[in-house]
Ligand SMILES: [Zn+2]
Ligand SMILES: [Zn+2]
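Residue numbers (the numbering used here): 1220 to 1457.
Printed below as a string of structure tokens:
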């Protein structure tokens, strides 16, 4: 594909993202839907009792699956160059995370809200889980696990943000006990090519790295080149 054409398409998509209010409004709308659904399924699941050990199983399973799914979505998005599609402005804006060494400092709840708005796939997931609550005889351990996945997917964005922005003792401790994303592991994603896509705690990186190596060509020589002509001064505040 012609590089110059892709760079032009990228810049047009970013122009739309920056100048048309509807894209940012849409992000807020997605946040509100996602968070409402998260509150709904959490309130439903908390009425079910599964005991301490099944809770532990649910949380660990959800952690691993969330890390993996969000890593796969990241992999797919980093490879995506459909700037002229309906989602083009969101795709272009997403690619800019590769040149963001530090994010604008923000309250974690505001970060949770903002970042949840970029997760359109999560709307479909949470609707499906909400429907499951209305089906008879759904396994409660499964419902807990699916609910945790729905919430941890937003927390993964916080983990990525903290990985870039925080050196606080609490965060360093959570990284140390492998609940949050390791700075060294994640740095590979920004420095190298086609690796380290996961961002909850990075536990499934070897698996996602393997899938990336088998089926994807990486971003350094592809989508990273598309924003090369996008002016720094236009960089959205992240
Ligand atoms: Zn990336
Ligand atoms: Zn990053």
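Built from N, CA and C at the ideal position, the CB exists for glycine as well.
Quick one: Cα of residue i to Cα of residue j, how far?
{"i": "residue 1298", "j": "residue 1441", "result": "8 Å"}
{"i": "residue 1316", "j": "residue 1352", "result": "36 Å"}
{"i": "residue 1337", "j": "residue 1403", "result": "25 Å"}
{"i": "residue 1249", "j": "residue 1242", "result": "11 Å"}
{"i": "residue 1332", "j": "residue 1433", "result": "34 Å"}
{"i": "residue 1392", "j": "residue 1295", "result": "31 Å"}
{"i": "residue 1306", "j": "residue 1339", "result": "10 Å"}
{"i": "residue 1399", "j": "residue 1408", "result": "16 Å"}
Consult DSSP for residue i and reduce its assignment to one of helix, strand or coil.
{"i": "residue 1314", "result": "helix"}
{"i": "residue 1303", "result": "coil"}
{"i": "residue 1396", "result": "coil"}
{"i": "residue 1412", "result": "coil"}
{"i": "residue 1279", "result": "helix"}
{"i": "residue 1359", "result": "helix"}
{"i": "residue 1386", "result": "coil"}
{"i": "residue 1221", "result": "coil"}
{"i": "residue 1335", "result": "helix"}
{"i": "residue 1420", "result": "coil"}
{"i": "residue 1345", "result": "helix"}
Using the Cβ count rule (16 or more neighbours within 10 Å means buried), how would you classify residue i?
{"i": "residue 1427", "result": "buried"}
{"i": "residue 1223", "result": "exposed"}
{"i": "residue 1311", "result": "buried"}
{"i": "residue 1255", "result": "exposed"}
{"i": "residue 1389", "result": "exposed"}
{"i": "residue 1266", "result": "exposed"}
{"i": "residue 1225", "result": "buried"}
{"i": "residue 1378", "result": "buried"}
Under the assumption that residue i contacts residue j (Cβ atoms under 8 Å), give the Cβ distance between them as a whole number of angstroms.
{"i": "residue 1285", "j": "residue 1372", "result": "5 Å"}
{"i": "residue 1289", "j": "residue 1436", "result": "The pair is not a contact, with the Cβ atoms about 21 Å apart (cut-off 8 Å)."}
{"i": "residue 1264", "j": "residue 1366", "result": "4 Å"}
{"i": "residue 1364", "j": "residue 1231", "result": "About 42 Å separates the two Cβ atoms, so there is no contact after all."}
{"i": "residue 1375", "j": "residue 1328", "result": "Between residue 1328 and residue 1375 the Cβ distance is about 16 Å, and since that is not below 8 Å, they are no contact."}
{"i": "residue 1229", "j": "residue 1446", "result": "6 Å"}
{"i": "residue 1387", "j": "residue 1394", "result": "10 Å between Cβ atoms; not a contact."}
{"i": "residue 1368", "j": "residue 1281", "result": "5 Å"}
{"i": "residue 1370", "j": "residue 1291", "result": "Residue 1370 to residue 1291, Cβ: 18 Å. No contact."}
Please determine whether the Cβ atom of residue i lies at a distance below 7 Å from any heavy atom of ligand 2.
{"i": "residue 1395", "result": "no"}
{"i": "residue 1405", "result": "yes"}
{"i": "residue 1316", "result": "yes"}
{"i": "residue 1379", "result": "yes"}
Measuring only from the beta carbon, is residue i closer than 7 Å to any heavy atom that is part of ligand 1?
{"i": "residue 1323", "result": "no"}
{"i": "residue 1297", "result": "yes"}
{"i": "residue 1353", "result": "no"}
{"i": "residue 1383", "result": "no"}
{"i": "residue 1293", "result": "yes"}
{"i": "residue 1408", "result": "yes"}
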